[in-house]
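Residue 296 in the working numbering is what sits at position 12 of the sequence shown, and the numbering runs on without skipping anything. Ideal Cβ placement from N, Cα and C applies to all residues, glycine included. The structure appears right after this line, and notes come after that.
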Amino acid sequence: MEKLKFETINTITHQNWNEFVQKVYGRPYNFQQQDGCKDRGTYSFEVCDGFDPYDFENDTIPEKVNGPEMGVSFRAWIERDPKQEIEDGKESYVLELWWFRNFYPCVDMVIDDLRKRGLLENGNYMIVIDW
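Here it is in structure tokens:
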């Protein structure tokens, strides 16, 4: 009988992913809170040379927590001061929620940049989303 074939997948909790991204970039980041808040589940991706990541087009979005516009270009995310106040409120938790839920880059850009920095090796990965 033929043996079962399998592949190795590097598993990361979304909490560990968030902490790593925040440490590398010094920006508020919460993968689960993006795209209207993700349900429990998994997000799979492959890290490889020659990957052409998608980048959001917006350089700015309204400064409103839970507003309908979500996602900004990787460049805009990197360039904005994370302490810069927003119109929607002066409290620190409001600013953090805005970064988590509205002002975030496409995960493809984060993945590719981490690969280019040598911080994410080629291979198959899965982020486990459970809160």
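Leaving out the 5 sequence neighbours to the left and right, which residues in its chain are closer than 6 Å to residue i when beta-carbon positions are compared?
i    : result
Y313 : N302, V305 and Q306
T297 : V412
R311 : P366
S328 : M410
R382 : The question names Arg, but residue 382 in the sequence shown is Trp. Counting only Cβ-Cβ distances below 6 Å, and skipping sequence neighbours, we find V349 and I370.
N406 : V331 and C332
T326 : M410 and V412
Less than 8 Å separating the beta-carbons of residue i and residue j?
i    : j    : result
T292 : M410 : no
D372 : E347 : yes
I345 : E353 : yes
C390 : G355 : yes
D343 : S357 : yes
V416 : N386 : The structure shown does not extend to residue 416, since the chain is modelled only from 285 through 415, so no value can be given for it.
D392 : Y338 : yes
Just list the residues that DSSP pairs residue i with in beta bridges.
i    : result
N294 : Y409
S328 : M410
I370 : G373
Whose C-beta lies closer than 8 Å to the C-beta of residue i among residues of the same chain, with five residues either side of it excluded?
i    : result
W415 : H298, Q316 and R324
R401 : V308
V378 : V349, I370 and D372
E380 : P312
Leaving out five residues before and five after residue i in sequence, what residues of the same chain have Cβ atoms less than 7 Å from its Cβ?
i    : result
V394 : V305
R359 : none
E341 : S357
Quick check for students: name the residue ranges of the alpha helix (DSSP H) that lie wholly in the stretch 337 to 364, counting only runs of 4 or more. 358 to 363
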